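Quick notes on the structure that follows.
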Amino acid sequence: MTSILGISAFYHDSAAALVVDGKIISAAQEERFTRKKHDPSYPHHAVEFVLKNSNLKLSQIDHIIFFEKPFLKFERLLETYLAFAPKGFVSFATSMPIWLKEKLFQKKLLFYKLKSHDSDFSDINKIQFSEHHLSHAASAFYPSKFKESIILTLDGVGEWDTTTVAVGKENKIDILKEIHFPHSIGLLYSAFTYYLGFKVNSGEYKVMGLAPYGVPKYKDLILNNLIDLKQDGSFRLNMKYFNYVTGLTMTNDKFSNLFGQKIRNPNNELLTQFHMDIAASIQAVTEEIVLKLTNSISKETKIKNLCMAGGVALNCVANGKILKSKTFDNIWIQPAAGDAGGSLGAALAFWYNELGNKRSISKEADEMQGSYLGPSFKDDQIEKTLKSLDAKYKKYSEDNLIDIIAEKIKNEKTIGWFQGRMEFGPRALGSRSIIADSRSDKMQKELNLKVKFRESFRPFAPSVLREDVSDWFDIDIDSPYMLLVAEVKKNIQIPMSNKDKNLFGIDKLNIKRSSIPAVTHVDYSARIQTVHKETNPKYYKLLKKFKEITGCPILVNTSFNVRGEPIVCSVEDAFRCFMGTNLDILVCENFVLFKEEQNKKLLQDYKNKFAKD
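Below is the structure:
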C-alpha cells in the first residue's frame with residue numbers, strides 16, 4: 076500500500092488530500108474547520124481529518140507532496156521586481172520579509188508543521204514539491220474518464236504560468252504551451268472584480284452573476300486597450316492599466332479613466348447599470364478568450380476530450396459556452412478547480428507521473444465520488460451534539476423523513492440539509508446545502524435577503540434528477556459538480572413583455588421567467604447540478620419524492636452558509652447557522668429540527684457575524 080498526502084497552502088484555499096494506491100480517499104479545505112473564508116494557513120485541521128479518516132499516522136504516510144515550487148515563485152518575485160525597478164519597491168519590501176521568514180524555506184517550515192501531527196515523523200525527505208499548473212492539470216485529468224485528453228488550466232498565477240495547455244495520455248501528462256505572468260485571464264478578471272468593489276479571490280463569481288443584468292458595451296474598449304488577443308487565444312495584457320505587478324492594488328488611475336468612473340466603494344456606492352455593463356463586458360471578453368483557446372487547441376491536436384482546472388474553470392458560464400460550441404465531444408472539469416484542488420492534483424501527479432503507476436479507467440463514473448470526500452457524522456455523534464446544544468429534535472426513519480421534508484419544501488419551507496460526507500470544492504452538492512422549492516417566484520429574493528444575507532441579484536442553482544435534466548434544460552450530459560450553465564427549456568420559459576424588456580438592471584429580478592423561477596437567471600440560464608443515485612442516494616430519493624408530489628424533479632440548491640462564511644462542516648456549524656438565519660427546518664442525517672420548537676434564547680444575530688465577501 077502506497078499512501079500519498081497532498082497539501083496546498085500559503086496563498087488561499089489551503090487544503091489536504093489523501094490518495095492510497097491511486098484511489099482518492101479523502102480531501103477537505105482548511106476554511107471549513109477554522110471558519111475563516113479562503114483560509115491560506117497551513118491546513119492543520121484538514122491534514123488531521125484525512126489522517127484520522129484512514130486511521131493513519133503521519134509517520135506511516137509514504138510521500139507528502141506540496142502543490143507548487145516556492146523557489147520558482149520567489150524567482151518570479153525577484154525577476155519581476157528587477158524588470159520594473161524602481162517601481163514596485165513598496166510591494167516588494169512588503170512581501171520580502173514574509174518570503175525570507177516563511178515561504179522560501181518551505182520544506183523546513185512544512186517539516187515542523189507536519190511534526191505537530193505526529194512526533195514520530197522524522198523523514199524530511201518524504202516532502203517533495205509539484206508544480207502549480209501540473210497539480211491543477213493532474214487534478215483534472217487523472218480523476219476523469221478519459222484515456223486521452225487536452226487539459227486546459229487557467230488561473231491567476233502559479234509560479235510563472237497563468238495559462239497552460241497539456242495533453243494527458245494514459246498515466247502521463249505533458250505540458251505543451253504556457254502563458255506567463257503578468258499576462259493572465261484570472262488576474263484580468265480579478266482586476267474587474269476589484270474595480271467593481273468586490274473582494275479579489277472571492278468575489279469573482281459575483282461578477283459572473285451580475286453580468287446578465289448588463290450589456291457588454293465595453294467589450295471592444297477592453298479588447299482594444301487592455302488585452303492583445305490573438306486568433307489562437309494567446310494574449311498579452313497592456314500593463315499600463317494594471318497595478319498588481321508593482322503596486323498593492325489591482326488597477327490604476329489609467330484603468331479608471333478608461334471607463335470614466337472611479338473604483339466602486341462597496342460601503343457607500345450601490346451597484347448601477349454602469350457596473351452591470353462592466354460585468355457583462357469582462358464576462359464576454361473572458362468567454363471570447365476561452366472559446367478562441369479551446370477552438371485552436373482542438374484544431375491543433377484533433378483530441379476530442381477536454382479537461383479543465385484552475386480558478387477560471389469555475390466560470391460555469393464560459394464552460395457552458397465551450398459545451399455549446401461542440402468543439403469537444405466530452406468535457407470534464409475538476410470540482411475543486413481552485414488552489415484547494417492542487418492538493419489532490421499534487422498527490423495524483425506523483426502517483427502517476429513520477430512513480431509511473433498504471434491507470435485503470437472506469438467507463439461508468441469519474442474518480443471523484445461526487446466530490447463527497449470530507450467529514451461525515453454518525454447518528455450517535457449527531458444526537459450527542461444536538462443534546463449538548465440544547466436543541467429540540469425528532470428522529471425519523473429515512474422514508475418518513477423524505478416524505479415529511481418533500482412536503483415541507485412543497486409548502487415553501489426552507490431547509491438546511493446536512494447529510495453524508497462534506498463536499499470538496501466551492502459548491503454545495505446536496506451534503507451541506509440549503510434547499511427549497513424551485514417553483515416559488517419569491518424564493519430567490521427571500522433566500523438571498525433573509526437566509527444568505529447577500530445581494531439580491533445572486534442566482535441560485537437547480538439540483539435536478541439526472542434522467543430528467545433534458546426535459547427542463549437545454550443539456551443532456553452529466554453535470555454533477557454545478558460547473559456548466561445551460562438555458563431553461565423554451566417550453567417552460569415565460570416570454571418577457573415589451574414593458575419587461577425595457578427594465579434595467581436589478582429591476583429585471585422580479586420578473587417571473589419560467590415555471591421554475593427560483594433557479595432561472597435573468598437571461599433564462601441556470602447553473603445545473605445533475606443528481607445521481609450512485610453518489611448521493613438520499614438526496615436523489617428526496618428529489619424523486621418531490622417530483623412524485625409536485626411533478627417537478629428540481630430543487631433550489633445553495634451552499635449551507637451565510638454571506639462571508641465558509642460552508643458548514645460540523646453539526647455545531649449547521650445548528651448555529653440554522654439559529655442565526657430564517658431557515659425553517661434543519662435536517663442532520665435522520666434528525667429533524669423545526670425552528671418554532673427551538674428555545675428562543677438560542678437564536679443568534681448571524682447577519683453581521685461574518686465580514687462581507
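Residue 76 is where the sequence shown starts when you use my numbering, and the numbers rise one by one after that.
Positions of the beta carbon are idealized from the N, C-alpha and C atoms, including for glycine.
What you are looking at is a predicted structure, and each value in this text was computed from that prediction instead of being measured.
Compute the Euclidean distance between the alpha carbons of residue i and residue j, then round it to the nearest angstrom.
i	j	result
Met557	Gly500	11 Å
Ser435	Glu245	9 Å
Thr324	Asp551	43 Å
Lys488	Glu562	27 Å
Val387	Thr239	12 Å
Ile250	Gln604	31 Å
Lys613	Glu439	20 Å
Lys132	His192	8 Å
Asp352	Phe267	12 Å
Val365	Lys399	13 Å
Ile202	Met76	18 Å
Val526	Asp195	46 Å
Tyr319	Phe334	18 Å
Glu363	Ser205	31 Å
Thr321	Lys483	55 Å
Val275	Leu522	24 Å
Thr326	Tyr86	20 Å
Thr595	Leu677	35 Å
Ile139	Ile82	8 Å
Lys281	Ser373	30 Å
Leu419	Val95	12 Å
Glu647	Ile100	25 Å
Answer with buried or exposed for residue i, where buried requires no fewer than 16 other C-beta atoms within 10 angstroms of its C-beta.
i	result
Gln494	buried
Glu609	exposed
Gln673	buried
Leu345	exposed
Arg107	buried
Ile624	exposed
Gln104	buried
Tyr187	exposed
Ser463	exposed
Glu664	buried
Gln679	exposed
Ser197	exposed
Gly431	exposed
Ala686	exposed
Arg496	buried
Leu524	exposed
With residue i as the anchor, note down where its beta strand (DSSP E) starts and where it stops.
i	result
Phe689	What is shown of the chain runs 76 to 688, which leaves residue 689 out entirely.
Trp532	Here residue 532 turns out to be Phe, not Trp, going by the sequence shown. Segment: none, Phe532 is in no beta strand (DSSP E) and carries neither H nor E.
His138	His138 to Phe141
Arg638	First-last for Arg638: undefined, no H or E at that position.
Phe650	That residue, Phe650, is in no beta strand (DSSP E); its alpha helix (DSSP H) goes Val646 to Gly655.
Ala384	Asn380 to Ala384
Thr689	Nothing about residue 689 can be read from this structure; the chain reaches only from 76 to 688.
Give the range of the alpha helix (DSSP H) segment to which residue i is assigned.
i	result
Pro612	Pro612 to Thr625
Arg339	Arg339 -> no alpha helix (DSSP H), and no H or E assigned at all.
Thr268	Ile260 to Tyr270
Ser463	Asp454 to Ser463
Ile479	Glu473 to Lys485
Ile372	Gln348 to Thr376
Thr109	Glu106 to Thr109
Val320	No alpha helix (DSSP H) holds Val320; DSSP gives it neither H nor E.
Leu389	No alpha helix (DSSP H) contains Leu389, which DSSP labels as neither H nor E.
Phe85	Here Phe85 belongs to no alpha helix (DSSP H), and DSSP marks it neither H nor E.
Asp295	Lys294 to Asn300
Val125	His119 to Asn128
Leu285	Glu279 to Leu285
Quick check on residue i - is its C-beta less than 8 Å from some C-beta in chain D?
i	result
Val594	Among the chains of the structure shown, chain D does not appear; only one protein chain is present.
With a threshold of 8 Å, are at least 3 pairs of Cβ atoms found where one atom belongs to the stretch 533-543 and the other to the stretch 619-639?
Segments in contact, yes.
For the stretch 496-559, which segments carrying the beta strand (DSSP E) assignment without a break, of at least 3 residues, lie completely within its bounds, in sequence order?
As far as the stretch 496-559 is concerned, its whole beta strand (DSSP E) runs of at least 3 residues are 507-512 and 536-540.
Between the stretch 104-118 and the stretch 634-654, do at least 3 Cβ pairs fall closer than 8 Å?
Yes: at least three Cβ pairs fall under 8 Å.
In the stretch 400-444, which residue ranges form an unbroken beta strand (DSSP E) of at least 3 residues, counting only runs that do not cross its ends?
You should have 405-408.
Quick test of the definition: if touching needs 3 or more C-beta pairs under 8 Å, does the stretch 470-477 touch the stretch 579-596?
No, they do not touch.
Given 8 Å, three or more beta-carbon pairs between the stretch 401-413 and the stretch 437-451
The stretch 401-413 vs the stretch 437-451: in contact.
Quick check: the stretch 358-376 against the stretch 199-216, are at least 3 beta-carbon pairs closer than 8 Å?
Under the 8 Å Cβ criterion, the stretch 199-216 does not count as touching the stretch 358-376, having fewer than three qualifying pairs.
Do three or more CB pairs link the stretch 412-427 to the stretch 254-272 at distances below 8 Å?
Taking 8 Å as the limit for Cβ pairs, the verdict is that the stretch 254-272 does not touch the stretch 412-427.
Scan the stretch 228-258 and note each continuous beta strand (DSSP E) run of 3 residues or more that stays entirely inside, going in chain order.
Counting whole runs of 3 or more residues, the stretch 228-258 contains the beta strand (DSSP E) stretches 236-244 and 247-255.
Do three or more CB pairs link the stretch 508-517 to the stretch 564-572 at distances below 8 Å?
Cβ pair count under 8 Å is below three, so no.
Can you list the beta strand (DSSP E) stretches of 3 or more residues lying completely in the stretch 179-228, in chain order?
If one requires a minimum length of 3 residues, the beta strand (DSSP E) runs lying completely within the stretch 179-228 are 202-204, in chain order.
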